[in-house]
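Asks: Shown below is the structure under consideration.
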Amino acid sequence: MAKAFKYGLKGITGYLEPAERELLRSLIDDVISMLEPAESASEDPLTALIGLDMNVQEPSDRALRRLLPNVTRTDDAAALEFRQLTERSLRENKIGALRAAALGLDTNDVVLSPADARHWSQALNDVRLVLAERLDIRDDADAEHVHTMQDWSQAEDVESYLALVYNFTTWLQESLVQAMLQSMEPRA
Amino acid sequence: MTLSVALGPDTQESTQTGTVTSTDALTAPDIPWNLVIWNDPVNLMSYVSYVFQSYFGYSEPKANKLMMEVHKKGRSIVAHGSKEQVEQHAVAMHGFGLWATVEKATGGGKDGGSGKGKGKRG
């Protein structure tokens with residue numbers, strides 16, 4: 002079993018079993034492949050360099066739309082224009098954090114620098130946002146219902162398995178963020 | 013003493029003031045924009061507070077207060093600034109996985125009229 006993250010003399014530390022690291026790695030890889038832009042071959046190198054993407058549209062996939070939301074709720078044209086200017090670099094930023102987190106999954110003992118911890122918390126958050134869309138978590142009642150699934154012997158179908166995975170990543174992120182908040186407190 | 017000096021270059025003073033005023037008028041329309049964070053059932057309360065503290069540099073009580081406002085009222089205005097500033101914040105929030113939008117601060121009625129974000133969804 003994984004151990005909760007702690008803040009101590011060595012920084013933020015945690016412990017993950019090989020199977021848990023494998024699970025996290027595949028979840029992270031899934032989100033990375035969702036975020037990788039489809040086209041890249043035949044485009045203007047200058048527009049690519051400055052991160053502009055005039056072909057970008059609001060994603061049709063709900064999970065992707067949650068990762069890359071519209072910047073305004075009231076003006077679709079403005080939201081699309083903003084997306085063209087910023088979405089590519091937002092995708093790259095997210096992929097960067099996810100890759101950095103995956104790099105830390107090579108050993109059972111996890112030791113995180115402040116930058117590592119930030120990448121991990123972002124990566125776990127994006128993983129959870131995607132899982133939550135697949136589980137149809139729309140409100141707090143849905144979230145509580147999913148939260149009742151805690152026993153791995155109950156994992157009989159895809160949905161119950163996803164719920165257990167979601168609860169594991171939630172627990173892991175919560176313990177990490179608690180350790181991060183502790184590390185931010187001024188020490189007398 | 014102060015008075016006599018102040019009365020001296022009267023005409024020059026007023027010309028300078030005129031210039032300053034017109035510069036203000038040029039930048040003023042850019043100021044009133046809000047960064048809004050929306051509630052969702054996924055983001056952890058601790059994580060939202062951590063983001064407010066680490067990114068905006070807010071104190072823990074202030075970050076927690078804004079986080080609770082998001083949680084209970086469905087949304088909270090967490091920063092103000094020019095359009096460009098709040099858009100930059102919004103992209104940073106999306107990077108953290110928070111659901112952020114920008115809106116004009118007041119007037120217009122274009123953005124649903126919940127300008128101050130208080131008592132609307134209580």
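If you read the sequences in order, they're chains A and B. Using this note's numbering, the first residue of the first sequence is number 2, and each one after it goes up by one. Using this note's numbering, the first residue of the second sequence is number 13, and each one after it goes up by one. Positions of the beta carbon are idealized from the N, C-alpha and C atoms, including for glycine.
Just list the alpha helix (DSSP H) runs in the stretch 61 to 129 of chain A, keeping only unbroken ones of 4 residues or longer that don't cross its boundaries, in chain order.
Replies: 63 to 68, 77 to 104, all fully within the stretch 61 to 129 of chain A.
Asks: I believe A:Leu136 touches A:Ala164 by the beta-carbon criterion, under 8 angstroms. Please report the beta-carbon distance rounded to the nearest angstrom.
Replies: Here residue 136 of chain A refers to the residue found at position 135 when the first sequence is read from its first residue. Here residue 164 of chain A refers to the residue found at position 163 when the first sequence is read from its first residue. Contact holds; Cβ gap of about 6 angstroms.
Asks: Say whether chain B places a C-beta atom closer than 8 angstroms to the C-beta of A:Thr73.
Replies: Position 72 of the first sequence, counted from the start, is the residue given in the question as residue 73 of chain A. True, the Cβ-Cβ gap to chain B drops below 8 angstroms.
Asks: Please report the Cβ distance between A:Gly52 and A:Ser90, rounded to the nearest whole angstrom; I am assuming they are in contact, meaning their Cβ atoms lie under 8 angstroms.
Replies: Your numbering for residue 52 of chain A matches position 51 in the first sequence. Your numbering for residue 90 of chain A matches position 89 in the first sequence. So it is a contact: roughly 4 angstroms between Cβ atoms.
Asks: Can you grab the Cα-Cα spacing for the pair B:Leu47 / B:Val98, in whole Å?
Replies: As a first step, residue 47 of chain B must be located in the second sequence, where it is residue number 35. As a first step, residue 98 of chain B must be located in the second sequence, where it is residue number 86. So the two alpha carbons sit approximately 5 angstroms from each other.
Asks: Distance, Cα to Cα, A:Ser46 vs A:Val112?
Replies: The residue labelled residue 46 of chain A in the question sits at position 45 within the first sequence. The residue labelled residue 112 of chain A in the question sits at position 111 within the first sequence. Here residue 46 of chain A turns out to be Pro, not Ser, going by the sequence shown. Whole-angstrom Cα-Cα distance: 39 angstroms.
Asks: Rounded C-beta distance between A:Asn71 and A:Ala80? I'm assuming under 8 angstroms.
Replies: As a position in the first sequence, residue 71 of chain A is number 70, starting the count at 1. As a position in the first sequence, residue 80 of chain A is number 79, starting the count at 1. 4 angstroms between Cβ atoms; contact.
Asks: Spatial neighbours of B:Met57 within its chain, please: C-beta separation below 7 angstroms, excluding the five flanking residues on both sides.
Replies: What you label residue 57 of chain B is simply residue 45 of the second sequence in a count that begins at 1. Excluding positions up to five away in sequence, the list reads Met79, His83.
Asks: Since A:Lys95 meets chain B, which of its residues come closer than 7 angstroms, beta carbon to beta carbon?
Replies: Here residue 95 of chain A refers to the residue found at position 94 of the first sequence. Those are Gly107, listed as they occur along chain B.
Asks: Less than 8 angstroms between CB atoms is the rule here; does B:Glu99 satisfy it with respect to chain A?
Replies: Residue numbering aside, residue 99 of chain B sits at position 87 when the second sequence is read from its first letter. Yes, contact with chain A.
Asks: Which of the residues in the stretch 73 to 104 of chain B, read from start to end, lie with their CB under 7 angstroms from any CB of chain A?
Replies: Within the stretch 73 to 104 of chain B, the qualifying residues are Glu99, Ala102, Val103.
Asks: Please compile the residues from chain A whose C-beta is within a distance smaller than 9 angstroms of the C-beta of B:Leu56.
Replies: Mapped onto the second sequence, residue 56 of chain B falls at position 44. Those within 9 angstroms of B:Leu56 in chain A are Asn126, Arg129, Thr171, Gln174, Glu175, Val178.
Asks: Please check if any C-beta of chain B sits within less than 8 angstroms of the C-beta of A:Arg139.
Replies: On the first sequence, position 138 is the one that residue 139 of chain A refers to. So yes, A:Arg139 belongs to the interface.
Asks: With distances taken from CA atoms, which of A:Thr48, A:Val32, A:Ala103 is nearest A:Arg66?
Replies: Looking up residue 66 of chain A in the first sequence gives position 65. The shortest C-alpha separation from A:Arg66 is found at A:Val32.
Asks: Just grab the DSSP bridge partners of B:Thr113 for me.
Replies: Counting from 1 along the second sequence, the entry for residue 113 of chain B is found at position 101. Its beta-bridge partners are B:Val48.
Asks: Under 7 angstroms Cβ to Cβ from A:Asp127, same chain only, skipping five residues before and after it: list those, please.
Replies: To locate residue 127 of chain A, count along the first sequence from 1; it is residue 126. For A:Asp127, where only same-chain residues beyond five positions count, the Cβ hits under 7 angstroms are Val32, Leu68, Lys95, Leu99.
Asks: Using the beta-carbon count (16 or more within 10 Å), is A:Asn56 buried or exposed?
Replies: As a first step, residue 56 of chain A is located in the first sequence; it is residue number 55 there, counting from the start. Exposed, since its Cβ has fewer than 16 Cβ neighbours within 10 Å.
Asks: DSSP three-state label for B:Arg87, please.
Replies: As a position in the second sequence, residue 87 of chain B is number 75, starting the count at 1. Strand.
Asks: Under 9 angstroms between beta-carbons, which chain B residues line up against A:Met185? List them in chain order, please.
Replies: Counted from its first residue, the first sequence places residue 185 of chain A at position 184. Per Cβ cutoff of 9 angstroms: Tyr62, Gln65, Ser66, Glu72.
Asks: Looking at the unbroken beta strand (DSSP E) that takes in B:Tyr70, where does it start and where does it end?
Replies: Indexing the second sequence from 1 puts residue 70 of chain B at position 58. Per DSSP, B:Tyr70 belongs to no beta strand (DSSP E) and is neither H nor E.
Asks: So which residues on chain A does B:Trp111 lean against when the C-beta distance must stay under 9 angstroms?
Replies: Here residue 111 of chain B corresponds to residue number 99 of the second sequence, with the count starting at 1. What B:Trp111 touches in chain A: Arg67, Pro70.
Asks: Could you tell me if A:Gly15 is buried or exposed, where buried requires 16 or more neighbouring beta carbons within 10 angstroms of its beta carbon?
Replies: Residue numbering aside, residue 15 of chain A sits at position 14 when the first sequence is read from its first letter. A:Gly15 comes out buried.
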